[in-house]
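Comments concern the structure below.
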Amino acid sequence: MKAIQHRTIPPSATIRQALEALNQSDGPMTVLVVDEDGRLCGSVTDGDIRRAMLSDVTMDTSVAKAMNPAPRKLVQGQEAIGLVKELTALGIRSLPIVDRNQRLLRVVDLATIDSVLPLRALIMAGGRGMRLKPYTDSLPKPLIPVRGRPIIEHALELIGRSGIEDVSISVNYLREMIKDHLGDGRQYGLRLSYLEEDMPLGTAGALDMLRDRAPGHVLMMNSDLLTDIDLASMYSLFKERDADLVVATTAHVVDLPYAVMDLDEDTVVALREKPSLSYPCNAGIYLIHDRALARVPKGRPYNATELLQDILDSKGRVHAFPIEGYWFDIGRHDDLQRAGMHDGPSH
């Protein structure tokens, strides 16, 4: 989620001072009115001032006479799935984010996001990538370039466009290379932190370290995926079903080389010539309810499939979300060739 530079003025400011602030604004032409406690009181645009000037005001009149006292805003932790499209259609370019006391936290550039999902994210980036040797002898798999940039940057872009700001990355093999490349995430409009595995913890063991940091539902995904999954729709399913876990699925088609006969005992009732069978397969992307995080054991390897099975065994709610767009798991040499997007690693 990319925050943009914005200008603020106090409620005591005049219309003249609001115009001066608007003239100095580098971003969307909106100035926010914020009191001494940091609370958002209103917003002022060029149009607001023009309309005010048509009534009985002067340049030295209080900005309160011109401002919009109820600007569109979002309280941190709330979702905004349809709101972003609605505001963009109205020509609104920025969205203030406030805390529950209406204190301004940041302003989001609506051109860079599709939604605002109340999630934190975990990217699993600790694996050795043995199937991609010799590339991964000197380069961690998340940094292998795909479409001209490291594969993990595609995941970060997907997460950022969903309005998720806090992203943790589990690292182990060649961890310093990953940390040095990604840094604190500011260049991606994100806040990145790192969960350092002293031993390989599997595909979900790092959730134990994340659980102790802050409450909240988690989007967890592998670092070597290239996909245009609709995370907003996946979250809608997660919320509607009150799911413990939603797993994204991708269709895997098996072409059988023989005719298949449907039998009733020894009677042939139908014949299908070389059918194609489609199976929903795990796509390595999960939405996990915070109540399910207590199932993750401390300090030992644990896989996402174990978490899924543990929830099923306890009669919890697990739902599947089919990916309608593209999905590539860049885990093997032929996966890279199949995607047709590999530019070759840079050392």
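The sequence shown maps to residues 15 to 361 in my numbering.
From the three backbone atoms N, C-alpha and C, an ideal C-beta is built for every residue, glycine too.
### Query
Between the Cα of L285 and the Cα atoms of Y340, P294, L291, V274, which residue gives the shortest distance?
V274
- Query: Which residue or residues does DSSP assign as beta-bridge partners of E5?
  - Reply: In this structure the chain extends from 15 to 361, so residue 5 is not present and cannot be described.
Cut-off 7 angstroms between Cβ atoms - residues of its own chain near H356, not counting five sequence neighbours on either side
Low confidence applies to H356: its pLDDT is 41, below 50, so where it sits in the model is not reliable, and the reading given next is rough at best. These residues qualify, in order along the chain: V160, L350.
Problem - Inter-residue Cα distance where the pair is P336 and H266 - result: 11 angstroms
Could you tell me the boundaries of the alpha helix (DSSP H) in which H20 lies? Unbroken run through H20: none, as it is neither H nor E.
Ordered along the chain, which non-local residues of its own chain (more than five positions away) have a Cβ less than 7 angstroms from that of L118? L46, V48, G52, L54, P110, V112
Would you mind reading off the limits of the beta strand (DSSP E) that contains N236? 232-236
Put N364 into one of helix, strand or coil per three-state DSSP.
Past the boundaries of the shown model lies residue 364; the chain is included only from 15 to 361, so the question cannot be answered.
Whose CA, out of A78, S76, G56, R65, lies closest to the CA of K87? G56
N- and C-terminal bounds of the beta strand (DSSP E) containing T319: It is not in any beta strand (DSSP E) - T319 instead sits in the alpha helix (DSSP H) that spans 318-327.
Exercise. Check each candidate in S207, R309, D238 and name the one with the smallest Cα separation from D327.
Key: R309
* Is the beta carbon of G199 sitting closer than 9 angstroms to the one on L240? -> no
Quick one: what's got a C-beta closer than 6 angstroms to A218's C-beta in the same chain, skipping five residues either side? Y316, N317, A318, L321
Open item on the list: Which of the three DSSP states is assigned to R142 in this structure?
Closed with: coil
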